[in-house]
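Enquirer: Mind having a look at this structure? Questions to follow.
Residue numbers (the working numbering), protein chains in the order written: chain A, 729 to 841; chain B, 52 to 165.
So this is what it looks like as structure tokens:
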């Protein structure tokens, strides 16, 4: 199964840009990289997804280098409400050829006033 | 509308009880999932239904029994659970199960086994 590696935790002050990098050395050729945000006691919320180069939406940007072995989630000007766990996911195929997404350990982002 | 609705939000059950968790989506998605999440841990995949057929069972004990009555509904039947089964149970759905499909999660059902 594909595996992702992220920092366990990060601290940032309000108003700063935060970059969280995820390593996924064994990503499959046709797979995408997806990031989720999770607040305590809530379900994960989709943030952004990309295949290569750069993707931007209203809340974040995702940078993916040409070799696709890593990706960086960029959160502009974070606020206290961005304190959460951020998960980077890539898919994998089981022995039976079944595609699934598996969560890694995630990065706990703490935004400091 | 990207909403997955789970009921109940909280459930307390004894080890001899039989209860069910319910999940509903009206996005026309044909893949539905159950995940289990313990405190301070990432979600772990339990079951996947694709076109109302069970396609993944991640070696989950038989005291958890999934059911997909139709393409919009997903149930998780619980029987003879143990205290260590207390966790947040997350339902999710996606258009289908190919790379690039976004998975949408519900808010979860908190289960406490006493």
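By construction, the Cβ of each residue, glycine as well, lies at the ideal position given by its N, Cα and C atoms.
(1) Identify the contact partners of residue 141/B in chain A, using a Cβ-Cβ distance below 9 angstroms as the criterion.
(2) Whose C-alpha, out of 162/B, 96/B, 83/B, is nearest the C-alpha of residue 55/B?
(3) Residues in the same chain with beta-carbon distance under 6 angstroms from residue 805/A, minus the five sequence neighbours each way, listed in chain order, please.
(4) Determine the direct distance from the alpha carbon of residue 818/A to that of residue 134/B, and round the result to whole angstroms.
(5) To the nearest angstrom, how far is it from the Cα of residue 131/B to the Cα of residue 67/B?
(6) Is residue 58/B close to chain A, meaning its C-beta is less than 7 angstroms from at least one C-beta of that chain?
(7) Are the segment 71 to 85 of chain B and the segment 743 to 761 of chain A touching, with three or more C-beta to C-beta distances below 8 angstroms?
(8) Nearest-angstrom Cα distance between residue 736/A and residue 100/B?
(9) So what's residue 808/A in DSSP terms, helix, strand or just coil?
(10) Relative to the C-alpha of residue 136/B, which candidate in 146/B, 148/B, 76/B, 160/B has its C-alpha closest?
(11) Per the contact definition of three or more C-beta pairs closer than 8 angstroms, is the segment 831 to 840 of chain A in contact with the segment 773 to 791 of chain A?
(12) Taking buried to mean at least 16 other C-beta atoms within 10 Å of its own C-beta, is residue 772/A buried or exposed?
(13) What's the call for residue 152/B, buried or exposed, on a 16-neighbour Cβ count within 10 Å?
(14) Pick helix, strand or coil for residue 54/B, following the three-state DSSP scheme.
(15) For the segment 143 to 160 of chain B, list every residue whose C-beta sits within 7 angstroms of some C-beta in chain A, in sequence order.
(16) With 16 other CB atoms within 10 Å as the buried threshold, where does residue 80/B fall?
(17) DSSP on residue 795/A, reduced to helix/strand/coil?
(18) Could you confirm whether any beta carbon from chain A is found closer than 7 angstroms to the beta carbon of residue 106/B?
Expert: So, from the data block:
(1) 771, 772
(2) 83/B
(3) 743
(4) 32 angstroms
(5) Per the coordinates, the alpha-carbon of residue 131/B lies some 5 angstroms from the alpha-carbon of residue 67/B.
(6) no
(7) no
(8) 31 angstroms
(9) helix
(10) 160/B
(11) By the Cβ criterion, the segment 773 to 791 of chain A is not in contact with the segment 831 to 840 of chain A, since fewer than three pairs of Cβ atoms, one from each stretch, lie closer than 8 angstroms.
(12) buried
(13) buried
(14) If DSSP states are grouped into helix, strand and coil, residue 54/B belongs with coil.
(15) 148, 149, 150, 151, 153, 154, 155, 156, 157, 158, 159
(16) Residue 80/B is buried by the Cβ-count criterion.
(17) coil
(18) With 7 angstroms as the cut-off, residue 106/B counts as an interface residue toward chain A.
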